[in-house]
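S.K.: According to UniProt numbering, the sequence shown is numbered sequentially starting from 1.
Yeah, the Cβ is synthetic: ideal placement off N, Cα and C, and Gly gets one too.
Bear in mind the structure is a predicted one, so any value in this text is a computation, not a measurement.
Got a structure for you, questions after.
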Amino acid sequence: MEEKKDRSVGDSKETTNEPPSSPIAPDSQPKADRSTETKTEVDESVPVWVEMSEETESNDREATTETGGSAESAPSSPEREEMAAAAWVSGSPQVSLWDRITRVLHRVPLVNRIPFEQIGPKKTVIGTLVVAFALVGSLSVFAFDGTTDAKEAPRAGVTKPHQQLKPKPIPFIVTFEGRQWTVDLRTLGYDGKDPSTLNRDKWLDWFRRVKKEVDQPAVDAEQNWFGGKLTPSKTGKLVDMDTIEKEWLPRLTTMTGQPQELPMVIDQPEVTEEDFQQVDQRLIGKYTTYFDGSNVNRTTNIRLASKAINNLILSPGERFSFNRVVGPRTSGRGYKSAKVIVRGEYSEGIGGGICQVSSTLFNSVDEAGLRILQRNSHSKEVAYVPPGRDATVSWGGPDFRFKNNLTKPVLIRIRVTSNSITAYVYTTPDARVKKRKPVQPAPTKVESVPVTNPGASNGKKPQ
């Protein structure tokens, strides 16, 4: 017969429960379940609590009640844990591994709220291992990332021996009408202290590039024909490079890092409305040639070509082309057949006589000092100008061209009488003109020349 001893902490009363003898032979008696009945022999000086099954625990309560004890004399759950922990610490062999694990887990915050007795040993062990592996993995990843960051990003202010600190940029900022341009002066050689270290040429080149984007040049007034439509002029603005070079560079140190408004100068138009209103007030070139007014067809051609040029205005730098201004000489445009020179011979052709217009204009323009760009002489001398002072023209062939090289517009006027043609060149009173010496006057007497080839045309290349 086994004796079950119940010793409560702080209570000396012992309760003995003797169950009736069993007729079963000792060899056939089942082994005692360690989880339900355990014979405990420990040192009385160490309080030990042995877990029992619910059935045994219930019997103990009943036995205690029968002997007049109180149910409250049984140790509470915290007391049982303390007693079991003491037994585990003392190395009692009667405490199972499961008991030890659960008691350790009960001491972990938050984890002690998990009902391990209900979950069971197997699930608890598996769950514990999973959580442990997850925790270890997370810590490993965190430690690895921290190590990598530490290697890749050195601490602030710490520089490796072979590593040099990159110089801080020195920005120079300029603005104009809401737009902004910036350059790092270190790229131009500036050391941040001495303006003489700045590469002057690179500095000015950078401003020239900005200038191309900023400049608003003035617009000259325009008028193609005297008395015709006049386009007004417009003032402009240009970057003041003199101020930048002479005033900004010496005080460069105080101008970095803060936006600086670009210095601008007003750009005045060279040609204004007033210039066109005064373009006929100063005569700088004049030349007259004579012709036989009885030759009606030739006179008609001279008048048509002169009319196409009369009152033409050339702005400064503009070029004149006789063929472009007069246009094709065809019968459809009113031109007649008259005497022309072809390959050194006189013959008849459409537009005969227009070369006297171009030759007269050449001498007037040359006297005015305008720049001659193209002029060709006939293959045979002509009677209406001195030798070597003619200018032959032909549609699709030789042309007479010149350029207005003055700073003011010029006005071309041609006047035709019954037997003469005069070309005038005018400009404004304030125009700077470098006149040539007067040219030799044209002969006043015109002789009639017989035509040797009446059926010939002026063609494309009369000589």
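Assess, as a yes-or-no matter, whether the stretch 317 to 336 is touched by the stretch 259 to 266 under the definition of 3 or more beta carbon pairs within less than 8 Å.
M.R.: Contact fails: fewer than three Cβ-Cβ distances are below 8 Å.
S.K.: Which residues mark the beginning and the end of the alpha helix (DSSP H) in which Glu318 is found?
M.R.: By 1-based counting over the sequence shown, the position of residue 318 is 318. Run containing Glu318: none; DSSP gives neither H nor E here.
S.K.: Pick helix, strand or coil for Lys445, following the three-state DSSP scheme.
M.R.: For the purposes of this step, residue 445 is identified with residue 445 of the sequence shown, where counting begins at 1. DSSP places Lys445 in coil when its eight states are reduced to three.
S.K.: Quick one: what does DSSP say Ser233 is sitting in, helix, strand or coil?
M.R.: For the purposes of this step, residue 233 is taken as residue 233 along the sequence shown, with counting starting at 1. Three-state DSSP puts Ser233 in coil, outside helix and strand.
S.K.: Just list the alpha helix (DSSP H) runs in the stretch 168 to 220, keeping only unbroken ones of 4 residues or longer that don't cross its boundaries, in chain order.
M.R.: Qualifying alpha helix (DSSP H) stretches, in chain order: 200 to 214.
S.K.: Taking the DSSP output, what are the residues bridged to Asp267?
M.R.: Locating residue 267 in the sequence shown gives position 267, counting from the first residue. For Asp267, which the question treats as bridged, DSSP gives the partners Gly236.
S.K.: Do you know whose CA, among Val174, Gly178, Glu273 and Trp203, lies nearest Arg186's CA?
M.R.: Numbered from 1 along the sequence shown, position 186 holds the residue referred to as residue 186. Ranking the options by Cα distance to Arg186, first place goes to Trp203.
S.K.: Out of curiosity, what's the CA-to-CA distance linking Thr175 and Gln268?
M.R.: One-based indexing of the sequence shown puts residue 175 at position 175. One-based indexing of the sequence shown puts residue 268 at position 268. Distance between the alpha carbons of Thr175 and Gln268: 23 Å.
S.K.: What first and last residue would you give for the beta strand (DSSP E) that runs through Glu345?
M.R.: The sequence position of residue 345 within the sequence shown is 345, counting from 1. Looking at the DSSP string, the run of the beta strand (DSSP E) that includes Glu345 is Glu345 to Ile350.
S.K.: Measuring CA to CA, which of Ser306, Thr299, Asp275 and Lys435 is closest to Ser315?
M.R.: To locate residue 315, count along the sequence shown from 1; it is residue 315. If we check each option's Cα against that of Ser315, Asp275 comes out closest.
S.K.: Measuring straight from C-alpha to C-alpha, what distance separates Thr256 and Pro171?
M.R.: Taking the first residue of the sequence shown as position 1, residue 256 is located at position 256. Taking the first residue of the sequence shown as position 1, residue 171 is located at position 171. The alpha-carbon atoms of Thr256 and Pro171 are separated by roughly 6 Å.
S.K.: Below 6 Å CB to CB, which residues in the same chain sit around Glu318 once its five sequence neighbours on both sides are set aside?
M.R.: On the sequence shown, residue 318 is found 318 positions in, with the first residue counted as 1. Asn404.
S.K.: Over the uninterrupted alpha helix (DSSP H) stretch that includes Gln356, give me the two end residues.
M.R.: By one-based count along the sequence shown, residue 356 stands at place 356. Element bounds for Gln356: Ile354 to Ala368.
S.K.: Out of Trp248, Lys123 and Thr360, which one is the CA nearest neighbour of Phe207?
M.R.: Locating residue 207 in the sequence shown gives position 207, where the first residue counts as 1. With distances taken between Cα atoms, Phe207 lies closest to Trp248.
S.K.: Name the one or two DSSP bridge partners that Thr300 has.
M.R.: The residue given as residue 300 occupies position 300 in the sequence shown. Note: Thr300 sits in no beta bridge, so no partner.
S.K.: In the DSSP assignment, what residue or residues form a beta bridge with Gly285?
M.R.: Position 285 of the sequence shown, counted from the first residue, corresponds to residue 285. Partner(s): Val425.
S.K.: Within 8 Å, do at least three Cβ pairs link the stretch 413 to 422 to the stretch 288 to 302?
M.R.: The stretch 288 to 302, when compared against the stretch 413 to 422, does touch it at the 8 Å Cβ threshold.
S.K.: Is it right to say Ile313 is buried, meaning 16 or more other beta carbons lie within 10 angstroms of its own, or is it exposed?
M.R.: Here residue 313 refers to the residue found at position 313 when the sequence shown is read from its first residue. Under this definition Ile313 is a buried residue.
S.K.: If the criterion is Cβ atoms closer than 8 Å, does the pair Pro443 and Ala391 meet it?
M.R.: For the purposes of this step, residue 443 is taken as the residue at position 443 of the sequence shown. For the purposes of this step, residue 391 is taken as the residue at position 391 of the sequence shown. Not closer than 8 Å, so no.
S.K.: If Ser321 and Asp215 are in contact, beta carbons under 8 Å, what's the gap, nearest whole angstrom?
M.R.: Within the sequence shown, residue 321 is the residue found at index 321, counting from 1. Within the sequence shown, residue 215 is the residue found at index 215, counting from 1. Not really, about 31 Å apart at Cβ, beyond 8 Å.
S.K.: On the DSSP bridge assignment, give the partners of Ile412 in chain order.
M.R.: Here residue 412 corresponds to residue number 412 of the sequence shown, with the count starting at 1. Bridge partners of Ile412: Leu312 and Val425.
S.K.: Can you list, in chain order, the residues of its chain whose CB lies under 6 Å from that of Glu222, leaving out five sequence neighbours each side?
M.R.: Numbered from its first residue, the sequence shown carries residue 222 at position 222. Only Thr231 meet the Cβ criterion.
S.K.: Is the Cβ-Cβ distance between Ala423 and Leu373 less than 8 Å?
M.R.: As a position in the sequence shown, residue 423 is number 423, starting the count at 1. As a position in the sequence shown, residue 373 is number 373, starting the count at 1. No, they are not a contact pair.
S.K.: Between which residues of its own chain and Glu381 is the CB-CB distance below 6 Å, once the five residues before and five after are set aside?
M.R.: By 1-based counting over the sequence shown, the position of residue 381 is 381. The answer, listed in chain order, is Pro387.
S.K.: Using the Cα positions of Asn376 and Thr182, report the straight-line distance between them to the nearest angstrom.
M.R.: For this step, residue 376 is matched to residue 376 along the sequence shown. For this step, residue 182 is matched to residue 182 along the sequence shown. Roughly 56 Å between the two C-alpha positions.
S.K.: Leaving aside the five residues before and after Leu188 along the sequence, list all residues of the same chain whose C-beta is less than 8 Å from its C-beta, in chain order.
M.R.: Here the question's residue 188 lines up with position 188 in the sequence shown. Counting only Cβ-Cβ distances below 8 Å, and skipping sequence neighbours, we find Leu198, Asn199, Lys202, Trp203 and Trp206.
S.K.: For the structure I just gave you, are there three or more beta carbon pairs, one from the stretch 331 to 341 and one from the stretch 278 to 290, closer than 8 Å?
M.R.: Not touching, per the Cβ criterion.
S.K.: According to DSSP, simplified to helix, strand and coil, what is Val340?
M.R.: Taking the sequence shown and counting its residues from 1, one reaches residue 340 at position 340. Strand.
S.K.: Could you tell me if Leu165 is buried or exposed, where buried requires 16 or more neighbouring beta carbons within 10 angstroms of its beta carbon?
M.R.: Taking the sequence shown and counting its residues from 1, one reaches residue 165 at position 165. By the 10 Å Cβ count, Leu165 comes out exposed.
S.K.: Taking the alpha-carbon positions, what's the Arg371 to Pro429 distance?
M.R.: Start at 1 with the first residue of the sequence shown, and residue 371 comes out as number 371. Start at 1 with the first residue of the sequence shown, and residue 429 comes out as number 429. Roughly 20 Å separates the two Cα atoms.
S.K.: Am I right that Ser233 and Asp220 are in contact with their C-beta atoms under 8 Å? What's the rounded C-beta distance?
M.R.: Residue mapping note: residue 233 aligns to position 233 of the sequence shown, counting from 1. Residue mapping note: residue 220 aligns to position 220 of the sequence shown, counting from 1. About 6 Å; that satisfies the 8 Å criterion.
S.K.: Report yes if the CB atom of Thr289 is closer than 8 Å to the CB atom of Val385, and no otherwise.
M.R.: Here residue 289 is taken as the residue at index 289 of the sequence shown, counted from 1. Here residue 385 is taken as the residue at index 385 of the sequence shown, counted from 1. In this structure, Val385 lies closer than 8 Å to Thr289 by Cβ.
S.K.: Is it buried or exposed, Arg432, if we count other Cβ atoms within 10 angstroms and call 16 or more buried?
M.R.: Mapped onto the sequence shown, residue 432 falls at position 432. It is exposed - the Cβ of Arg432 has fewer than 16 other Cβ atoms within 10 Å.
S.K.: Give the secondary structure of Ile114 by DSSP, where H, G and I count as helix, E and B as strand, and everything else as coil.
M.R.: For the purposes of this step, residue 114 is identified with residue 114 of the sequence shown, where counting begins at 1. In this structure, Ile114 counts as coil in the three-state DSSP scheme.
S.K.: If I follow the unbroken beta strand (DSSP E) through Phe402, where does it start and stop?
M.R.: Taking the sequence shown and counting its residues from 1, the one referred to as residue 402 is at position 402. Run containing Phe402: Arg401 to Lys403, per the beta strand (DSSP E) assignment.
S.K.: Using the beta-carbon count (16 or more within 10 Å), is Gly120 buried or exposed?
M.R.: Reading the sequence shown from its first residue, position 120 is the one you call residue 120. It counts as exposed.
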